[in-house]
Amino acid sequence: MKDNVKRVFYVRYVAHPCYLDIIAQRPEIRLDKLENETADDVARPIMAAAHAYQIGSARDELKPRFHVQRDLLARMPNLLIVSTNGAGFDTVNVKDCNDAGVLVVNQTGGNAEAVATHVLAMVLMLSKQIIQTNHALRRGTMLDRSVFMGNDVKGRTIGIVGIGNVGRRVAELCRGLFGMQVIACDPYLDEQTIAARGAVKVTLDELLRRADFVSINCPLDDSTRGMIGAREFALMQPHAYFITTA
């Protein structure tokens with residue numbers, strides 16, 4: 023009798039417990055969980071039979087042997103789709119998947135609001151020296167409160183690298199809530215589109231020179247790998263902050 027069960031596996035965790043609840047209601051889907059430490063002789067048959075791989079987006083949380091690349095794909099002849107837990111796909115070599123005829127999907131936009139507000143939280147934390155003040159209070163070393171005097175963010179400039187789902191929300195919040203100036207660098211969008219998203223289009227070098235806060239909101243791929251290095255950091259103003267939530 024033909025086996026019509028669709029086989030899905032993941033390593034360590036899924037994005038939300040509701041994923042497990044939904045799959046549990048689908049008897050035609052078998053879900054297997056692996057761990058980073060799962061022995062090869064246990065993992066190999068599960069992966070070889072899998073039709074779908076629900077993969078984490080964070081490279082440091084997933085051992086390289088579970089990253090999707092050519093060698094792994096060769097051991098998964100039944101694989102049809104790789105789905106990342108988040109918007110990023112750092113653990114997936116998209117070209118290798120394309121060459122193997124495997125579809126890659128991500129959860130773009132799903133966490134845009136949460137990530138954008140996280141950027142704002144970092145802007146406030148840095149400008150108001152919240153972490154330093156907290157540590158000094160806990161240690162009882164705050165003798166002069168003026169040492170931790172913060173700075174206003176109104177009128178300051180935030181430079182957004184990658185003004186997609188997250189970046190456009192960062193721009194909207196920074197302009198609307200804080201009255202900040204917003205500039206952005208995105209090679210895939212023209213000046214008019216970036217303006218419609220609440221920012222002024224500039225080059226990466228100009229953004230780094232002008233911004234008081236630099237926010238990285240673009241995915242890691244071949245076009246962005248190594249984009250920021252010693253040369254780029256040297257372009258930034260001495261007081262500027264570098265924020266990455268990508």
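Counting from 23, one number per residue, gives the positions in the sequence shown under our numbering.
Even for Gly, the Cβ is constructed at its ideal location relative to N, Cα and C.
Residue 79 sits in coil when the DSSP states are folded into three classes, being neither helix nor strand.
Secondary structure at residue 197: helix, using DSSP grouped into helix, strand and coil. For residue 53, the three-state secondary structure derived from DSSP is strand. Note that the region 224-231 touches the region 198-206; at least 3 beta-carbon pairs, one per stretch, sit closer than 8 Å.
CA-CA distance, residue 236 to residue 183, rounds to 7 Å. If only uninterrupted beta strand (DSSP E) runs of at least 3 residues are considered, those enclosed by the region 183-267 are 203-207, 235-238, 263-266. Rounded to whole angstroms, the gap between the alpha carbons of residue 234 and residue 253 is 17 Å. Under the 10 Å beta carbon count, residue 44 is surrounded by fewer than 16 other beta carbons and is classified as exposed. Residue 28 is bridged by DSSP to 51. In the DSSP secondary-structure assignment, residue 110 is not bridged to any residue. One Cα belongs to residue 136, the other to residue 187, and the distance between them is close to 11 Å. Judged by DSSP secondary structure, residue 159 falls outside any beta strand (DSSP E) and instead within the alpha helix (DSSP H) spanning 152-161. Distance between residue 155 and residue 164, taken at the CA atoms: about 8 Å.
By a beta-carbon distance limit of 8 Å, residue 73 contacts residue 101. Their separation comes to about 7 Å. In the DSSP assignment, residue 125 falls within the unbroken beta strand (DSSP E) covering 125-127. Residue 48 holds the alpha-carbon nearest to the alpha-carbon of residue 26 among 38, 87, 48. In this structure, the alpha-carbon of residue 104 lies about 32 Å from that of residue 142. Here residue 118 is near residue 95, since their CB atoms are less than 8 Å apart.
By the Cβ neighbour-count rule, residue 125 is exposed, with fewer than 16 other Cβ atoms within 10 Å of its own. By DSSP's assignment, residue 103 forms a beta bridge with 74, 125.
In this structure residue 54 is in contact with residue 68, their Cβ atoms being roughly 5 Å apart against a cut-off of 8 Å.
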